[in-house]
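What follows is one structure encoded as structure tokens, with my remarks underneath.
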Amino acid sequence: RHGVTYWSDSENHFTALDAWLADYRKYRRLTELGFFKHYRLAKAFRIWLRNIQWYKYENARQKIAASAFVVLPRLARALLTMQDEYVQLVGFRFFDVSVSENWHLPYFIETQMTTFEQVRDLLQQLREKMRNVLYDACCNTLIDRGFSPQDEAINVTNKKKLKDMMSFTERANKRKLCALLARFLACADQKMITLLHQILRESFKNLANVFSVFMEECATDGHTSKPPFMNVELVLKPTHIDLDPSREVTTRMLEDLSNLVMRTVYKIDRFQSDAFFDVYTE
């Protein structure tokens, strides 16, 4: 018998030569296929590619963690606190148009001024509260990284104090962290601007809608069965009839009220330009 015998510790197996040659030819034909022929090289490149991708992913993740303030717990909590406070105020309006009929101009202006002052006070209280929340978040973030807001001296004449100062590397790291905190304050400013824009837009939109409803009804029929939005008195004079208050007075008082609202909104300072945060933004 001609063949191939396979020996092992516990058994042996004999294969006839013709069968072994047939299996060998089939094996060679399989190894000539592209998948099996290039498998080892392809596997090595796949592992290399996977390692490169994982390295790039980790590198990007670390850069984002170092430059994105939303991943820092204290800053993230401050943003959530700010968002929660803003949601409670987003439904407020500078003008009260819940009653839209039979107004006299002085009472209408007085009511709008009362509503405006209430909303203005709420916004000022909110800004003051957020000012403290943001400052505490920035200060605690510096402390967590081993820095202090007042640990850099500008003019130091004592050599002993000079030795106790931070090294240039530490100061550079602190400036890098302060740049991140400045971006955090810019984000807080954007949230505040968005809140003011929503309140301002909806306030004027509601007021304009009330005026447009009466204007459209009057333009359609020339008269309306609904009570008027604002009452005026007719003053009979020998040569003409005047309105009290006149159209010019009414227009001017409404413009003054609108300008007052706009000036108040513009006067709300940004956090990033507040001297309270100079230690983080300078």
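If you number the sequence shown the way this note's numbering does, the last residue is 1022 and the count never jumps.
Beta carbons are placed, not taken as given, at the ideal position from N, Cα and C, and that holds for glycine.
query: Distance, Cα to Cα, arginine 1010 vs proline 978?; result: 57 Å
query: Give me the residue from Asp1014, Thr1021, Asp1018 with the minimum Cα distance to arginine 867.; result: Asp1014
query: Of all the options Glu988, Glu995, Gln823, Arg833, which has the alpha carbon lying nearest to the alpha carbon of alanine 928?; result: Gln823
query: Cα separation between leucine 1000 and glutamine 930?; result: 22 Å
query: Do phenylalanine 835 and glutamine 852 count as a contact pair if the criterion is CB distance below 7 Å?; result: yes
query: Could I get the ranges of all uninterrupted alpha helix (DSSP H) runs contained in the region 923-964, with 4 residues as the minimum, in chain order?; result: none
query: Can you tell me where the alpha helix (DSSP H) with glycine 774 in it begins and where it stops?; result: 774-777
query: Do you know whose CA, among Thr1021, Phe969, Thr990, Arg987, lies nearest asparagine 842's CA?; result: Phe969
query: Verify whether the separation of the beta carbon atoms of leucine 921 and tyrosine 1020 is less than 7 Å.; result: yes
query: Quick check on the burial criterion: 16 or more other C-beta atoms within 10 angstroms. Buried or exposed for lysine 1007?; result: exposed
query: If you follow the alpha helix (DSSP H) that phenylalanine 848 is in, where does it begin and where does it stop?; result: 845-884
query: Please report how far the alpha carbon of arginine 786 lies from the alpha carbon of tyrosine 797, in whole angstroms.; result: 16 Å
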